[in-house]
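Trainee:
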Amino acid sequence: MDPIRVSQLVYLLKDMLEGSELLSDLWVVGEVTDATRSRLGHRYFSLRDGDGAIRSVLFRDDMPGAEVPAGERVLAHGRVTVYPQRGELQFVCDFFRPEGVGIEAARLERLRERLEEEGLFEPSRKRPLPAYPRRVGVGTRGG
1046 MDPIRVSQLV YLLKDMLEGS ELLSDLWVVG EVTDATRSRL GHRYFSLRDG DGAIRSVLFR
1106 DDMPGAEVPA GERVLAHGRV TVYPQRGELQ FVCDFFRPEG VGIEAARLER LRERLEEEGL
1166 FEPSRKRPLP AYPRRVGVGT RGG
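Following my numbering, the numbering of the sequence shown begins with 1046 at its first residue and continues without gaps.
1) Alpha carbon to alpha carbon, how far is Leu1160 from Glu1167? Give it in angstroms, no decimals.
2) Can you name the residues that DSSP bridges to Pro1143?
3) Considering only C-alpha positions, which residue in the set Val1125, Leu1058, Glu1154 and Val1074 is nearest to Asp1096?
4) Checking 8 angstroms against the spacing of the C-beta atoms, do Val1077 and Val1113 come in under that value?
5) Could you check the C-alpha separation between Pro1109 and Gly1116 for me, to the nearest Å?
6) In the DSSP output, what is Gly1075 paired with across the bridge?
7) Which one of Glu1158, Arg1093, Pro1129 and Thr1081 has the shortest CA to CA distance from Leu1058?
8) Excluding the 5 residues flanking Ser1091 on each side, which residues of the same chain have their C-beta closer than 6 angstroms to its C-beta?
9) Going by C-alpha distance, which of Arg1172, Arg1155 and Arg1105 is nearest Ser1083?
10) Under three-state DSSP, which class holds Arg1088?
11) Applying the criterion that 16 or more other CB atoms from any shown protein chain within 10 Å of the CB defines a buried residue, is Ala1121 buried or exposed?
12) Can you tell me where the beta strand (DSSP E) with Leu1103 in it begins and where it stops?
13) Does the beta-carbon distance from Val1137 to Val1102 come in below 8 angstroms?
14) Would you mind reading off the limits of the alpha helix (DSSP H) that contains Ser1190?
15) Within 10 angstroms of the Cβ of Gly1123, are there 16 or more other Cβ atoms? Answer buried if so, exposed if not.
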């Protein structure tokens, strides 16, 4: 096999990681350390547990205004990639919550935030209730 350039190796690894279904939609629990904010508004931090750590980033357009809570354990959603300029493994976070919140609750909150960003909860989109409804539905859950 012919030798390859460093950049080719890094991009090969990046493509392999980003092509992985498992590593493209991942929930991770860890403690936030080394949290900083860039002048562009991106948040850089590490997620750690007792045996490992991974450098992470939360871009400014994902969860605008959110502060990454240094020292707290969080449940984070994102994908694994390689930062080519440094050849570093990186977790690109798009959502996080304190660890006490369950994964399903976090997914529901993430959906609610996305729908809110799309303006689907705006008062102008809501229909007024009729004074006298013609039909009433009752939903129950067996269990």
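Ideal Cβ positions, reconstructed from N, Cα and C, are used throughout, including at glycine.
Mentor: On the basis of the supplied data:
1) One-based indexing of the sequence shown puts residue 1167 at position 122. One-based indexing of the sequence shown puts residue 1160 at position 115. Their backbone Cα atoms lie some 10 angstroms apart in a straight line.
2) Sequence index remark: in the sequence shown, residue 1143 carries index 98 (1-based). According to DSSP, Pro1143 bridges with Val1119.
3) Locating residue 1096 in the sequence shown gives position 51, counting from the first residue. Selected option, being the one with the closest Cα: Val1074.
4) Counting from one through the sequence shown, the residue named residue 1077 turns up at place 32. Counting from one through the sequence shown, the residue named residue 1113 turns up at place 68. Result yes, Cβ atoms of Val1077 and Val1113 sit closer than 8 angstroms.
5) Working through the sequence shown from its first residue, we reach residue 1109 at position 64. Working through the sequence shown from its first residue, we reach residue 1116 at position 71. Taking the straight line from one Cα to the other gives about 20 angstroms.
6) Looking up residue 1075 in the sequence shown gives position 30. Per DSSP, Val1119.
7) Here residue 1058 is taken as the residue at index 13 of the sequence shown, counted from 1. It is Pro1129 whose Cα lies nearest to the Cα of Leu1058.
8) Translated into positions along the sequence shown, residue 1091 becomes position 46. Same-chain partners within the cutoff: Thr1078, Asp1079, Ala1098 and Arg1100.
9) Locating residue 1083 in the sequence shown gives position 38, where the first residue counts as 1. Of the listed residues, the one whose Cα sits closest to Ser1083 is Arg1105.
10) Position 43 of the sequence shown holds residue 1088. DSSP places Arg1088 in strand when its eight states are reduced to three.
11) Reading the sequence shown from its first residue, position 76 is the one you call residue 1121. Ala1121 comes out buried.
12) For the purposes of this step, residue 1103 is taken as the residue at position 58 of the sequence shown. Leu1103 -> beta strand (DSSP E) spans Ala1098 to Leu1103.
13) Here residue 1137 corresponds to residue number 92 of the sequence shown, with the count starting at 1. Here residue 1102 corresponds to residue number 57 of the sequence shown, with the count starting at 1. Yes; because the gap between Cβ atoms is below 8 angstroms, this pair is in contact.
14) With the chain running from 1046 to 1188 in the structure shown, residue 1190 is simply not present.
15) Looking up residue 1123 in the sequence shown gives position 78. By the 10 Å Cβ count, Gly1123 comes out buried.
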